[in-house]
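Going by our numbering, the residue at position 162 of the sequence shown is 883; the numbering climbs one at a time, nothing skipped.
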Amino acid sequence: MIGSIERVVLALGSNLGDRAATLTRAAADISELPGATLVAVSPVYESAAVKPGGVDESAPRYFNAVLTIGYSGDPYALLDAVNLIEARHGRVRAERWGDRTLDIDLIVFGELRIDDDRLILPHPRAAERDFVLAPWLDLDAAAVIPGRGLVRDLLAATGITVRRVADASAAESAPAPGAGR
């Protein structure tokens, strides 16, 4: 694996602080990793927070993006590197699926399949998360999660609740139907 270049998909999320700036800086940080070449960055989407008990509408909303890189290293080295990036952005791991300044998940690493205490690839819940699938589909209409299927089919099965940030802000600033001008 080391020496070969694998296509890696990473999902980024932030629901604390300056979410947009955090995602932008994290993408730049990832592109600067040894062995990484940034291929594409998705538009930003907004989603409700998902907690162990389900969707938490009372928690701050997430900004989410997906990026693809070419990577010529070990998946565990990449995991360690993105965990350091999270920490530099103030990530605190006090609560499972808690609010966070930055979350970076490895979604797929080429066709690699891993299932151990440190890493599961492909990501075990990516196929159910519209906040991963929608931005990924923007980058690659033919995207596939190995062993799960086409991203477009998986996204259609989610009951899509995410919105592109530009779409969300436009909807929030538009007058309500029937409102005076």
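Every residue gets a Cβ at the ideal spot worked out from N, C-alpha and C, and that includes glycine. Predicted model, so just to flag it, every value in this text is computed and none were measured.
A direct Cα-to-Cα measurement between L754 and I828 gives close to 17 Å.
Between the segment 782-790 and the segment 804-815, the count of Cβ pairs shorter than 8 Å is below three; the stretches do not touch. If you look at L799, you'll find it in the alpha helix (DSSP H) that goes 796-809. L875 places its beta carbon less than 8 Å from that of A848. In the DSSP annotation of this structure, the continuous segment of the beta strand (DSSP E) that includes R728 starts and ends at 727-735.
Distance from the CA of L854 to the CA of A802, rounded to the nearest whole angstrom, comes to 23 Å. If you draw a straight line from the Cα of T789 to the Cα of P856, it comes to about 11 Å. In the DSSP assignment, V829 forms a beta bridge with V730. Secondary structure of R885 (DSSP, three-state): strand. Around L860, the same chain offers A761, S763, V787, T789 as residues with beta carbons nearer than 7 Å, after the five sequence neighbours per side are excluded.
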